[in-house]
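What follows is a single structure, written as structure tokens, with notes after it.
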Amino acid sequence: MIPAPPISLAVLAPTLIVMGAGCLVLLLDLLPPRASKVHLATVALLGVVAALLTSLAAWGGRGRGFRDMVILDNYALFFHVVICYGAALIVLLSIDYLRRSGVESGEYYALVLFSTSGMLLLTSASDLIVVFIAIELMSLSLYVLSGLFKRRRQAGEASMKYFLLGAFASAFLLYGIALLYGATGTTSIDRIAAAAAAAPHDTLLIAGLGLLLVGFGFKISSAPFHMWVPDVYEGAPTSVTALIATGSKAAVFAVLVRLLLSGVRAVQADWTAVLWVLAALTMTLGNVVAIAQSNLKRMLAYSSIAHVGYMLVGLAAGGAAGAGAVLFYLLAYTFTTAGTFGVITLCVRAGEEAVDVRDYAGLGRRHPVLAFALALLLLSLVGIPPLAGFVGKFYLFGAAVRAGFVWLAVLGVLNSAIAAYYYLRVIVTMYMQEPDEQSASVAPSFAGGLALTIAVIGVVLLGLMPAPFVDLAQVAVAPLLR
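Just so we're aligned, residue 1162 is where the sequence shown starts under the numbering used here, counting upward by one.
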């Protein structure tokens, strides 16, 4: 008789809450009222908030379940908070944006919740099989959401390109998992760590790790695996773009950091050299190509690639300082990016989204509050003190210097200076150029305004009082370094 594995659903509580909310949304969508979907958005928001509160209540505890395939430690809980905050902001931004775009549907909120549940499971995964399942749960939902604007050619192109390259990345991940299993005889990250320490120069182990890095590189959009990003960001609904840019990146970085620091630390010299090159290439390519973009969503797409490069700097630095800096930067980046895309959801031009930089001419005089919020968020992305982006880059580059990667830190600072050009160009357009007859106007939205307010407060708070959040990030990564 085969003994049944011990099951501890407590370690999956936040994930199950969000998934249950998604199922509830699907059921309620069958019932009246059919004309409005605000009640479905409310259920989705309550589910995400409940998962957030559950994660906060579990802080300081440590649970394992399903034969140690899922772990609920402070590291996973930190990412749960980041992802839940991001998902809540996306739901708020979606309410009026979807109605205005004519694509409001219950399936949208269900898919957002299912994708979020995949992200939460990914942060708790301690086995490569669970990692793959969680990535597919997250990705399949995002593929569908990217093509939500069925009448737009760019939406179909975005969804298909995202799906094809995502499947390509999944193949690399599966092949890498197979090679790691062949080298170590296990898919458990903890047991892989023991096997890697015993045979750190195993060719099969190195090859498997290399393929995993390629697969994860596609998911986080590091160069040269970034080809899908600009088209998907442009074609997908802006609220979905915000979810891809924040939650999915945070979730994949969570498992990547866990794997590198906890699973294959014995071969750190090998993956550090690879990450050094990837970081330099990613942030340079992202910033240089962003300069040539006139479409705001494509510009932010290349900007997001550059920010992945900054985070890879901290990951290459390694240790508690580098990993903690990555966690803090992801928190700051989530607030900043969600807020930036939130402004785009509130701006319309001739009945369509205002996505061209020239559409924002004169916004500072016509809508000073919204223009000020966008300027603040863009300055945070540049890294201007005392905003969250500056503090995040300070810790990332500081960790690189302490690890001996001085030139990588210098390259990061130079890239930040390049990025200032295209971010400040938007601010100059808002405040120093005259509007034309069809310049962007603001669509009223209480929920969108609330989300934008939360994002701006988060950016300012993380910039003025970063110490408590940095300490939480350091506490979170501590279990990985034992």
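For glycine and all other residues, C-beta sits at the position ideal for the given N, C-alpha and C. Just so we're clear, the structure is a prediction, and the values are computed from it rather than from any experiment.
Those residues which DSSP pairs with residue 1527 across a bridge:
Residue 1527 is not bridged to any residue.
Other residues of its chain near residue 1640: CB distance less than 7 angstroms, five sequence neighbours each side excluded
1234, 1235 and 1236
Residues of its chain near residue 1599, where Cβ-Cβ distance is below 7 angstroms and the 5 sequence neighbours each way are ignored
1510 and 1511
Assuming residue 1202 contacts residue 1255 under a Cβ cut-off of 8 angstroms, what Cβ separation, rounded to an integer in Å, is found between them?
7 angstroms
For a test of the three-state rule: what should DSSP assign to residue 1291, helix, strand or coil?
helix
Three-state secondary structure (DSSP) of residue 1514
strand
Would the beta-carbon of residue 1552 fall within 9 angstroms of that of residue 1493?
yes
Residue 1589: buried (16+ other C-beta within 10 angstroms of its C-beta) or exposed?
exposed
Less than 8 angstroms between the CB atoms is what I'm expecting for residue 1363 and residue 1455, so what's the real figure, rounded?
With a Cβ gap of about 49 angstroms, residue 1363 and residue 1455 do not count as contacting.
Status (buried if at least 16 other CB within 10 Å, exposed otherwise) for residue 1436
buried
Run through the DSSP bridge pairs and tell me what residue 1226 is partnered with.
1231
Count Cβ pairs between the segment 1475 to 1494 and the segment 1616 to 1633 that sit closer than 8 angstroms; are there 3 or more?
yes
Would you be able to state if there are at least three C-beta pairs under 8 angstroms between the segment 1427 to 1443 and the segment 1383 to 1401?
yes
Using the beta-carbon count (16 or more within 10 Å), is residue 1568 buried or exposed?
exposed
So, helix, strand or coil for residue 1425, using DSSP?
coil
Indicate whether residue 1334 and residue 1275 have their beta-carbon atoms separated by less than 9 angstroms.
no
Any alpha helix (DSSP H) of 4 or more consecutive residues that is wholly inside the segment 1527 to 1568:
1529 to 1543 and 1549 to 1563
Do residue 1231 and residue 1225 have their C-beta atoms within less than 9 angstroms of each other?
yes
Nearest-angstrom Cβ-Cβ length linking residue 1272 and residue 1302, presumed shorter than 8 angstroms:
4 angstroms
Quick check: the Cα distance between residue 1371 and residue 1164, rounded to an integer number of angstroms?
36 angstroms
Can you give me the Cβ contacts of residue 1611 inside the same chain, cut-off strictly under 7 angstroms, excluding the 5 residues immediately before and after it?
1253
Cβ distance (whole Å) where residue 1216 is taken to contact residue 1179 below 8 angstroms
About 11 angstroms separates the two Cβ atoms, so there is no contact after all.
Span separating the alpha-carbon of residue 1475 from that of residue 1533:
30 angstroms
Do residue 1406 and residue 1461 have their beta-carbon atoms positioned less than 9 angstroms apart in this structure?
yes
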